[in-house]
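Since the structure comes first, as structure tokens, the remarks are kept for the end.
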Amino acid sequence: IGRGGRFGRKGVAINFVTDDDQRTLRDIEQFYSTHIQEIPMNVADLI
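Under full-length UniProt numbering, the first residue of the sequence shown carries the number 1, and numbering increases by one thereafter.
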């Protein structure tokens with residue numbers, strides 16, 4: 001992933017997940033008691 005933010009600044013980390021990765025992603029969410037938000041296809045709008 002690299003750095004999402006540096007020196008106290010906010011940043012964005014983007015992971016690409018295939019259909020085959022879905023179960024692993026859900027396992028990670030459950031293990032860390034969190035939810036990883038799906039972003040829209042137009043990622044450029046986030047930057």
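The beta-carbon is built from N, C-alpha and C at its ideal position, and this holds for glycine as well.
{"Check": "Let me make sure I understand the geometry here. Which of Gly-11, Phe-16, Gly-8, Arg-9 has the alpha-carbon closest to that of Pro-40?", "Outcome": "Phe-16"}
{"Check": "Going by DSSP, what residue range makes up the alpha helix (DSSP H) through Arg-23?", "Outcome": "22-31"}
{"Check": "From Lys-10 to Asp-20, what distance separates their C-alpha atoms?", "Outcome": "30 Å"}
{"Check": "Run through DSSP, which three-state label would Ala-44 get?", "Outcome": "helix"}
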